[in-house]
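Number of protein chains: 2
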Amino acid sequence: MLDYKLLEALGAVMHHQGFERAARHLGLTQSAVSQRIKLLEARLGQPVLVRGNVPEATDLGRRLLNHVQQVQLLEEELTTSLPQFAGTERHLRVAINADSISTWWPEAMGTFMRDHPMTLDLVIEDQDVGLQRMRHGEVAACLCASQQPVQGTRVVALGKMRYRSLAHPEFVKRYLPDGPTAKDLARSPAIVFDLNDQLQHRCLAEFGIAGPFPHHFCASTEGFIQLVRAGIGWGMMPELQVANLIETGELVDLVPGYYLDVPLYWHYWRLGGESLDALARHLEREARRVLVQDDV
Amino acid sequence: MLDYKLLEALGAVMHHQGFERAARHLGLTQSAVSQRIKLLEARLGQPVLVRGNVPEATDLGRRLLNHVQQVQLLEEELTTSLPQFAGTERHLRVAINADSISTWWPEAMGTFMRDHPMTLDLVIEDQDVGLQRMRHGEVAACLCASQQPVQGTRVVALGKMRYRSLAHPEFVKRYLPDGPTAKDLARSPAIVFDLNDQLQHRCLAEFGIAGPFPHHFCASTEGFIQLVRAGIGWGMMPELQVANLIETGELVDLVPGYYLDVPLYWHYWRLGGESLDALARHLEREARRVLVQDDV
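Protein chains in written order, with this note's numbering: chain Z, 392 to 687; chain W, 392 to 687.
Below is the structure:
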């Protein structure tokens with residue numbers, strides 16, 4: 392069998408982003424951790440990570456990490472079912488898109504965790520980076536808009552998140568006095584999450600606006616909402632997240648009746664154990680209540 | 392004088408994180424942008440950036456960027472005061488901590504922007520990284536918890552943000568049935584923003600808890616709140632952000648009466664022009680209304 396002491400050291404260095412933190416976590420000296428990594432590399436005849444300010448796994452290192460994390464999940468599965476191991480902590484690392492962590496996912500997760508105690512390590516990532524992390528074995532599950540499966544994983548369709556073009560009423564009055572005309576829309580400053588966020592572009596494209604438009608960047612969902620509330624710009628926002636602001640009239644549709652549905656998928660390791668399977672079923676059920684579902 | 396065409400190309404490549412995007416923005420071909428960078432490097436006899444998936448500026452490149460951004464700000468100052476240049480767009484890049492962008496800052500900024508139109512590029516960063524970006528000339532202003540001035544900048548003290556240890560009432564009932572005893576606190580799962588977030592550690596340290604404690608990681612302020620609302624953990628949260636949840640009783644103090652005040656500072660370029668000065672005065676005034684101020 393592989394020497395799991397060495398693999399555990401590798402996992403800790405990557406997870407805690409450094410030798411010193413990994414050592415603290417494992418209760419070892421930094422030099423002991425370093426020696427374990429060196430021994431692992433000597434045995435394999437290849438480096439497993441690139442030393443730097445933040446260590447980065449090599450391809451080989453990633454494959455080992457993927458493996459060791461799956462083993463850890465299976466181990467947790469085993470230990471939680473055996474009373475001898477009571478108290479052993481189960482740990483789940485998930486890549487999740489910003490809009491899901493800001494809306495329905497925590498509550499759905501909270502009900503699951505009542506019967507399945509665990510600690511969460513949530514990595515807020517866009518879909519592409521999230522799936523890449525799955526591929527590299529850095530996370531055991533990923534919630535994102537891409538259906539594309541990663542080798543060794545299962546995919547569950549959860550439903551769609553509905554986005555509406557929203558703004559402060561004063562903003563609409565100021566920038567679109569004659570309603571949503573293409574000319575005025577092209578001049579109205581938008582809020583854009585980051586360079587990957589194309590939702591505002593897609594809305595404008597409906598009006599034939601393909602060129603540049605004035606926009607602010609803000610890669611924080613809460614900041615995004617606050618900028619829109621402050622009348623600084625308009626933006627595509629999950630209906631789910633701002634339902635109360637729409638209800639009170641604090642936010643109104645920039646383009647009445649317009650919306651975009653973004654599908655969401657839950658990816659998880661096939662060999663991650665029974666509780667990952669149970670979690671997938673649970674999320675599927677919960678999502679059905681809150682996300683837009685295709686007509687059956 | 393320096394050749395600003397070349398410097399503009401460097402600025403665009405760094406700002407848009409790539410040659411292709413920079414080219415699109417400048418209305419040039421990718422090879423024209425590449426040639427400008429090469430010419431700049433040939434004249435200086437040193438590389439200005441490291442080519443990679445995402446280009447990185449060298450030390451020399453950073454000093455040039457810093458300079459070109461200051462020139463751009465001064466230029467905008469000039470052009471907005473001259474009717475000939477009406478319509479020229481003013482652009483402000485700011486590093487800001489997640490809790491400020493989620494609370495008071497957007498509204499304060501909104502009132503300023505009514506008289507000072509501009510587009511914002513907000514980089515959500517922890518204090519240390521934010522100040523580093525200032526030092527490197529990547530942002531013109533930075534809102535963070537560090538008072539330490541950066542060369543060439545001014546610093547304004549804004550006041551303090553108050554954090555309280557909050558949780559769902561059910562969570563408190565379940566984990567702290569006998570009140571906030573050290574034993575039970577050390578076992579109650581916390582939510583931690585990221586590896587730099589020490590607020591929960593500082594709260595626990597008050598109870599003599601110095602070792603590891605169960606915790607979930609979630610680097611999204613909105614996700615953080617949702618996890619606490621879902622009863623998954625407790626966390627230190629800005630009073631400002633969850634005032635309504637405290638009022639309705641949806642969130643309660645884990646340790647009644649306990650709070651932490653985190654000071655906030657606005658750093659900005661000294662030579663950034665009159666409107667950066669005006670913005671600093673405006674934010675100072677607005678912050679006085681919403682942040683905790685030291686007794687005078």
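Don't be surprised by glycine CBs; every beta carbon is placed ideally from N, CA and C. As the structure is a prediction and not an experimental result, all values here were calculated from the model.
Are residue i and residue j touching if we call contact CB-CB under 8 Å?
{"i": "residue 633(W)", "j": "residue 616(W)", "result": "yes"}
{"i": "residue 674(W)", "j": "residue 551(W)", "result": "no"}
{"i": "residue 553(Z)", "j": "residue 490(Z)", "result": "no"}
{"i": "residue 455(W)", "j": "residue 401(W)", "result": "yes"}
{"i": "residue 582(Z)", "j": "residue 609(Z)", "result": "yes"}
{"i": "residue 559(Z)", "j": "residue 580(Z)", "result": "no"}
{"i": "residue 655(W)", "j": "residue 536(W)", "result": "yes"}
{"i": "residue 545(Z)", "j": "residue 661(Z)", "result": "yes"}
{"i": "residue 604(Z)", "j": "residue 577(Z)", "result": "yes"}
{"i": "residue 521(W)", "j": "residue 548(W)", "result": "no"}
{"i": "residue 404(Z)", "j": "residue 438(Z)", "result": "no"}
{"i": "residue 567(Z)", "j": "residue 645(Z)", "result": "yes"}
{"i": "residue 509(Z)", "j": "residue 481(Z)", "result": "yes"}
{"i": "residue 667(W)", "j": "residue 464(W)", "result": "yes"}
{"i": "residue 611(Z)", "j": "residue 492(W)", "result": "yes"}
{"i": "residue 424(W)", "j": "residue 417(W)", "result": "yes"}
{"i": "residue 408(Z)", "j": "residue 590(W)", "result": "no"}
{"i": "residue 517(Z)", "j": "residue 488(Z)", "result": "yes"}
Can you look up residue i in the DSSP assignment and give me helix, strand or coil?
{"i": "residue 516(W)", "result": "coil"}
{"i": "residue 612(W)", "result": "helix"}
{"i": "residue 685(Z)", "result": "coil"}
{"i": "residue 447(Z)", "result": "strand"}
{"i": "residue 678(W)", "result": "helix"}
{"i": "residue 510(Z)", "result": "strand"}
{"i": "residue 548(W)", "result": "strand"}
{"i": "residue 482(W)", "result": "strand"}
{"i": "residue 502(Z)", "result": "helix"}
{"i": "residue 601(W)", "result": "coil"}
{"i": "residue 621(Z)", "result": "coil"}
{"i": "residue 463(W)", "result": "helix"}
{"i": "residue 497(Z)", "result": "helix"}
{"i": "residue 587(W)", "result": "coil"}
{"i": "residue 529(W)", "result": "coil"}
{"i": "residue 541(W)", "result": "coil"}
{"i": "residue 394(W)", "result": "coil"}
{"i": "residue 569(Z)", "result": "coil"}
{"i": "residue 456(W)", "result": "helix"}
{"i": "residue 563(Z)", "result": "helix"}
{"i": "residue 662(Z)", "result": "coil"}
List the DSSP bridge partners of residue i.
{"i": "residue 534(W)", "result": "487(W) and 657(W)"}
{"i": "residue 555(Z)", "result": "628(Z) and 650(Z)"}
{"i": "residue 606(W)", "result": "581(W)"}
{"i": "residue 643(W)", "result": "558(W)"}
What number of angstroms, rounded off, separates the C-alpha of residue i from the C-alpha of residue j?
{"i": "residue 515(Z)", "j": "residue 434(W)", "result": "42 Å"}
{"i": "residue 410(Z)", "j": "residue 513(Z)", "result": "21 Å"}
{"i": "residue 497(W)", "j": "residue 657(W)", "result": "14 Å"}
{"i": "residue 483(W)", "j": "residue 432(Z)", "result": "47 Å"}
{"i": "residue 663(Z)", "j": "residue 542(Z)", "result": "13 Å"}
{"i": "residue 592(W)", "j": "residue 613(Z)", "result": "24 Å"}
{"i": "residue 630(W)", "j": "residue 650(W)", "result": "9 Å"}
{"i": "residue 533(Z)", "j": "residue 406(Z)", "result": "17 Å"}
{"i": "residue 458(W)", "j": "residue 528(W)", "result": "7 Å"}
{"i": "residue 501(W)", "j": "residue 626(Z)", "result": "15 Å"}
{"i": "residue 620(Z)", "j": "residue 415(W)", "result": "31 Å"}
{"i": "residue 676(Z)", "j": "residue 623(Z)", "result": "38 Å"}
{"i": "residue 393(W)", "j": "residue 444(W)", "result": "28 Å"}
{"i": "residue 478(Z)", "j": "residue 505(Z)", "result": "Model confidence at residue 478(Z) stands at a pLDDT of 47, short of 50, so the residue's coordinates are unreliable; what they give is reported in the following sentence. Rounded to the nearest angstrom, the two C-alpha atoms are 15 Å apart."}
{"i": "residue 503(W)", "j": "residue 442(Z)", "result": "46 Å"}
{"i": "residue 571(W)", "j": "residue 511(Z)", "result": "23 Å"}
{"i": "residue 672(Z)", "j": "residue 640(Z)", "result": "36 Å"}
{"i": "residue 556(W)", "j": "residue 601(W)", "result": "17 Å"}
{"i": "residue 460(Z)", "j": "residue 395(W)", "result": "51 Å"}
{"i": "residue 684(W)", "j": "residue 495(W)", "result": "15 Å"}
{"i": "residue 476(W)", "j": "residue 563(Z)", "result": "At residue 476(W) the pLDDT is 47, less than 50, meaning the model places this residue with poor confidence; the figure from the coordinates comes in the next sentence. Rounded to the nearest angstrom, the two C-alpha atoms are 26 Å apart."}
{"i": "residue 449(W)", "j": "residue 598(W)", "result": "46 Å"}
{"i": "residue 540(W)", "j": "residue 523(W)", "result": "11 Å"}
For residue i, verify whether its CB is less than 7 Å away from any heavy atom of the ligand NAP.
{"i": "residue 588(Z)", "result": "With respect to small molecules bound, the structure shown includes none, and the ligand NAP cannot be examined in it."}
- Identify every run of the alpha helix (DSSP H) within the segment 403-449 of chain Z, keeping only runs that are complete inside it and at least 4 residues long; order them along the chain. If you keep only unbroken alpha helix (DSSP H) runs of at least 4 residues inside the segment 403-449 of chain Z, you get 410-417 and 421-435.
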